[in-house]
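Notes to accompany the following structure.
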Amino acid sequence: MKKILLSSCFSLYCLFAVQIDAKAQYVLKDADKQYELYNYAKAVDLYEQAYKKKESLHAAERLAAAYAYMNDYKQAESWYAIASKMSGSKPENILGYAKALQSNSKYSEAKVQYQAYIDQKKDVTERQKDVWLSSCDSAVKWMKNPKKVELINEKALNSTQSDWGATTYQGGVVFTSDRTNTGFESKESSPFLKFDGAKTPDKKIYGWTGNGYLKLYIKPSPKDSLALFPIKTGTKYHVGSATFTADGNTMYFTMTPIPDDLEKVKNKPSTVNVEIYSSTKGADGKWGEPVAFPYNDVNKFSVGDPFISTSGTSLYFASNMPGGKGGTDIYVSLKTDAGEWGKPINLEEINTAGNERSPVFDANNNLFFASDGYVGMGGLDVFRALRDGAGIGKIENMGYPFNSPQDDFGFSLNEKGGIAYLSSNRNNGLGNDDIYSIDQKMIIAFKLEGTVFDKKTNQPIPNALVTLAKVNGGTVKTEADEDGNYQFNLATETEYNVIGEKTNYRSDSENLATIGLKTSEVLKQDLHLEPVEINKAIRLENIYYDFDKWNIRPDAAVELDKLVKIMLDNPTIWIELGSHTDSRGKDAYNLSLSQKRAESAVQYIISRGVNKNRITAKGYGETQLLNKCANNVQCSDAEHQLNRRTEFKIVKQ
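According to this note's numbering, the sequence shown is numbered sequentially starting from 3.
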């Protein structure tokens with residue numbers, strides 16, 4: 003009889019497993035569809051659901067890539083770490099892991115992974131090896147010796163979405179943004195391009211990012227409100243990245259109008275390349291109909307990031323047109339005596355096998371540009387190419403904090419030739435890409451020193467990442483040395499948060515301030531990081547429920563809020579929240595009650611802003627007692643209380 007029962011249970015288990023696998027495959031198929039349509043925001047939610055049902059290399063790889071495309075580098079790092087260690091993983095996942103670590107300022111760890119990839123891929127060029135490995139070494143040095151400047155987040159311009167490409171115009175600022183719900187939405191007819199043969203694209207939401215389409219905005223003066231830049235483009239899709247002639251009467255900008263002869267591929271989304279257009283202001287002060295740059299080719303390549311010279315006779319831009327040296331190269335088109343734009347010329351002295359963009363010239367004809375093809379901090383870095391006679395001389399990285407591990411680009415210069423505005427998607431901004439101004443008058447008054455320790459062993463943690471965040475201001479980062487020591491310069495009358503991070507540890511943060519300090523001194527602040535132990539149960543103290551109830555009491559909410567903070571401070575970890583009962587009462591009832599309590603706690607945590615995919619409720623009833631107090635065993639109330647507990651365990655880091 004027992005054998006038959008076990009066989010029946012095994013059959014039910016197999017059926018249950020098959021059902022879970024089928025559900026996972028169904029969700030995975032839907033996720034793949036969204037991914038292939040570049041709807042990454044939707045795809046990651048579905049891939050996470052599929053991965054929870056069944057862990058697969060395909061889901062992990064797609065999650066890593068999708069998060070990387072969305073510039074969520076912490077999540078990309080987590081998923082590439084998982085994918086690179088799974089059976090059947092390709093070396094490219096190690097490369098993705100290295101790039102994600104670099105994007106998160108973990109340069110020492112990134113260097114190890116770059117070397118691991120190089121060891122497996124023998125066809126990596128010597129130049130590429132040098133760029134990867136030297137970039138990691140250089141970035142650590144730059145962060146420990148930052149330029150004496152401060153980047154100020156221009157909150158009057160920035161939103162929770164992407165804002166970039168700010169340039170001064172007639173006393174105001176013109177910039178690009180994909181913000182939504184501004185009240186400026188177009189009233190034109192609905193879009194007509196069908197990405198998948200069935201659905202028209204949302205006229206407000208861009209699937210790649212989940213944000214709106216790019217538009218040009220203007221803030222005429224510091225006191226004025228934002229407004230759409232007053233040019234009629236005739237498109238609901240991307241418009242952005244503008245440059246103006248010296249007299250302010252002609253502008254060049256990028257745009258993605260949808261052509262009638264767009265090439266379509268069966269069962270695939272069409273790719274619409276960006277193009278450059280110009281517009282001239284009439285005597286009535288209104289901008290004229292956009293005129294296409296003669297070297298646009300919407301079906302073959304993109305042209306964008308225009309910059310018009312002071313003379314108005316040279317148009318610089320970035321393009322991936324055929325014949326270039328890399329991804330996107332910088333080109334210049336010269337105006338002929340007849341007033342026509344000449345054939346684009348590749349700036350071969352500047353361009354690399356990587357991507358170059360955002361060309362801007364100062365008054366001395368030195369070129370500022372962004373590139374990911376030179377030794378840098380990661381992503382696009384800002385470089386300056388000094389003029390040497392008729393050619394280009396030294397090309398120098400602008401260093402830290404001009405540059406960050408993320409993309410730094412879309413800048414403009416002031417009248418002295420220095421950078422006035424810089425665009426960056428560096429961490430701790432208001433949104434994705436943010437606009438920053440440069441303050442070159444930072445006064446250093448105090449120093450902060452400390453050591454990062456392992457909270458469990460009390461031993462120093464080498465090469466930990468430490469971030470100094472000014473309250474309501476910017477951030478700077480450094481990497482602790484081999485003994486876990488770090489230091490920062492501090493300003494007067496300022497509040498800061500200092501955060502320590504390291505792979506396989508939970509972060510730690512502390513508050514400090516120089517407010518009221520009158521004499522120069524060295525402030526001390528150590529950090530203690532908790533090691534992450536997968537599937538180790540961690541008890542949440544003082545989580546109590548009323549008899550036969552599962553609603554969250556105020557005293558329990560206080561304790562659950564501590565778990566919420568852990569999850570918000572460590573956005574890549576997934577947890578299982580387990581509820582346990584003592585042995586009193588029927589087994590089935592206890593199992594049901596504990597499940598309801600676990601689900602109630604999970605819903606509370608989700609209501610506090612934690613992604614539902616990151617937390618699972620599990621009721622254990624009386625199946626995991628911590629002592630002898632099983633059914634029919636005499637125990638004290640205190641002994642039974644030991645078994646009535648709520649725990650969480652980290653199941654993914």
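The beta-carbon is built from N, C-alpha and C at its ideal position, and this holds for glycine as well. This structure is a prediction, so every number in the text was calculated from the model and none was measured.
| Check | Outcome |
| --- | --- |
| Start and end residues, beta strand (DSSP E) containing Ser316 | Ser316 to Ser321 |
| Span separating the alpha-carbon of Ile617 from that of Phe319 | 47 angstroms |
| Every unbroken beta strand (DSSP E) inside the segment 286–356 [3 residues or more] | 305–310, 316–321 and 331–336 |
| Helix, strand or coil at Gly98 [DSSP, three-state] | helix |
| Cα-Cα separation, Ala558 to Thr583 | 16 angstroms |
| Exposure of Asn634, with buried meaning 16 or more beta-carbon neighbours within 10 Å | exposed |
| Met88 (DSSP reduced to helix, strand or coil) | coil |
| Cβ separation of Val377 and Val46, assumed to be a contact under 8 angstroms, to the nearest whole Å | So it is not a contact: roughly 32 angstroms between Cβ atoms. |
| Burial state of Asn155, where buried means 16 or more other Cβ atoms lie within 10 Å | buried |
| Minimum C-alpha distance to Gly452 - residue among Leu514, Asn251, Asn629 and Glu350 | Leu514 |
| Collapsed DSSP secondary structure at Asp410 in the structure displayed | strand |
| Euclidean distance between Cα positions of Phe490 and Ser137 | 22 angstroms |
| Identified DSSP bridge partners for Leu467 | Glu481 and Glu503 |
| Three-state class that DSSP yields for Trp552 in the structure shown | coil |
| Rounded C-alpha distance that separates Arg541 from Ile652 | 12 angstroms |
| Inter-residue spacing [alpha-carbon to alpha-carbon] between Lys598 and Lys157 | 44 angstroms |
| Cα-Cα separation between Thr245 and Lys56, rounded to whole angstroms | 50 angstroms |
| Leu432 in three-state terms, based on DSSP | coil |
| Proximity below 8 angstroms, CB of Ala102 to CB of Tyr71 | no |
| Backbone CA spacing between Gly391 and Asp307 [nearest angstrom] | 26 angstroms |
| Three-pair Cβ contact test at 8 angstroms for the segment 462–480 versus the segment 145–154 | yes |
| Opposing strand residues paired with Trp166 [DSSP bridges] | Thr178 |
| Extent of the continuous beta strand (DSSP E) run through Ser373 | Leu369 to Ser373 |
| CB-CB length for Tyr254 against Ser227, believed under 8 angstroms | 26 angstroms between Cβ atoms; not a contact. |
| For Tyr71, the three-state DSSP class (helix, strand or coil) | helix |
| First through last residue of the beta strand (DSSP E) which encompasses Ser596 | No beta strand (DSSP E) holds Ser596; the alpha helix (DSSP H) holding it covers Asp589 to Ser609. |
| Start-end ranges of the beta strand (DSSP E) lying completely within the segment 91–161, minimum 3 residues | 152–155 |
| Pair within 8 angstroms by beta-carbon distance, Glu351 and Gly393 | yes |
| Beta carbon of Glu481 nearer than 8 angstroms to that of Arg508 | no |
| Exposure label - Pro232; buried when at least 16 CB within 10 Å | exposed |
| Touching by the beta-carbon criterion (3+ pairs, under 8 angstroms), the segment 410–419 and the segment 364–375 | yes |
| Rounded C-alpha distance that separates Lys234 from Glu578 | 53 angstroms |
| Delimiting residues of the beta strand (DSSP E) encompassing Leu218 | Lys217 to Lys221 |
| Gly236 in three-state terms, based on DSSP | coil |
| Rounded separation between Phe385 and Phe650 - CA only | 47 angstroms |
| Distance between Glu38 and Gly209 (C-alpha atoms, nearest Å) | Here the model assigns Gly209 a pLDDT of 49, short of 50, so the residue's position is not dependable and the matter cannot be decided. |
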